[in-house]
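Please read the structure below before turning to the comments.
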Amino acid sequence: MIKNLARGIGALTLALAPLLPAPAAQAAPAAPAAPAAPAAPAAPMAEVTPLPDAVGLLKVTEENRSGYTASSFRHWNAGEDPTDGCDTRAEVLLAEAVVAPTVGSGCKLTGGRWTSYFDGQEVTDAGSLDVAHLVAPAEAWESGASAWTAEQREAYANDQGADVSLVAVTSRTNRQKADKDPADWMPPSPEVQCRYTGEWVATKLRWQLTADDRELEALKVYAEGPCEDTIVRYTPAV
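Just so you know, we're using our numbering here: the sequence shown kicks off at 71 and counts up by one.
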């Protein structure tokens, strides 16, 4: 009888076997996670500040031009797009054209029209324009660039990362400006003097350049007077 009972239990177990859940399969070990790619460095944020406050951010020191030569800053290089056949000067002229010129072999520019920043003159010949450094290389040198590497000075001389660093102007006004700071020269067109003051300060702050006492006082005359509502925008380059 006991044997019959055992057989019965065994048969019942076999009958129920298909109805019982199968034992869970052992999970394969997870593959190690791939290391995360390093995050790209965040681009510097643009600084926006009223002109009076921006002038107050300038570091004031004595300036020293000793050791400066025209070859201290290499320009013009191949520009922002080395494949377009145009150097920095030509790229700035293309960017600032009111009417686009025709671009010929060797990036020769014909036709087109520009408005000279400093004096408001309409110009239709690219050859009669200079691409001026808003803060001349000699001024930059004595304001801190003398301590830069040759690569940093080349980057400054060809800076298209800010619209205000390089500007198209008539050769005549660029010769008048030369390497003077606002204590000794301002654009002859009064309607751009506030713009010029703001962009001068923006360029100095962008490149962490200093000002001397006379320059600072001249900037304050505009910042605390007719140009107090001017807004300065700059993105640090160094």
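Where a beta carbon is used, it is the ideal one built from N, C-alpha and C, also for glycine.
Selection from the options that minimises the alpha carbon distance to residue i
i	options	result
GLU166	THR185, THR172 and LYS178	THR185
SER124	ARG144, THR273 and PRO296	The sequence given here has Ala at residue 124, not Ser. Nearest option by C-alpha distance: THR273.
ASN228	THR139, ALA196 and VAL201	VAL201
THR180	VAL291, GLY197, GLU192 and GLU261	GLY197
ARG144	ALA206, ALA170 and THR131	ALA206
GLU212	THR139, VAL291 and LEU127	THR139
SER141	ALA208, ASP249, TYR187 and THR280	ALA208
GLU150	GLN246, GLY231 and ASP249	GLY231
Residue span of the alpha helix (DSSP H) that contains residue i, given as start and end
i	result
VAL169	Element bounds for VAL169: n/a, residue is neither H nor E.
ARG276	263–276
ALA210	207–212
Where residue i falls: helix, strand or coil (DSSP)
i	result
PRO120	strand
ASP157	coil
ASP17	In this structure the chain extends from 71 to 308, so residue 17 is not present and cannot be described.
ARG183	strand
ALA307	coil
ALA238	strand
Residue i - containing beta strand (DSSP E), residue span
i	result
ALA227	Taken as a continuous stretch (DSSP letters only), ALA227 belongs to no beta strand (DSSP E), being part of the alpha helix (DSSP H) at 220–227.
ARG303	301–304
LEU286	LEU286 -> not in any beta strand (DSSP E); alpha helix (DSSP H) instead, spanning 283–293.
ALA202	199–203
THR243	Segment 241–247 is the alpha helix (DSSP H) holding THR243; no beta strand (DSSP E) there.
Can you find at least 3 beta carbon pairs, one from the segment 261–272 and one from the segment 208–226, that sit closer than 8 Å?
no
Are the segment 238–256 and the segment 298–307 touching, with three or more C-beta to C-beta distances below 8 Å?
no
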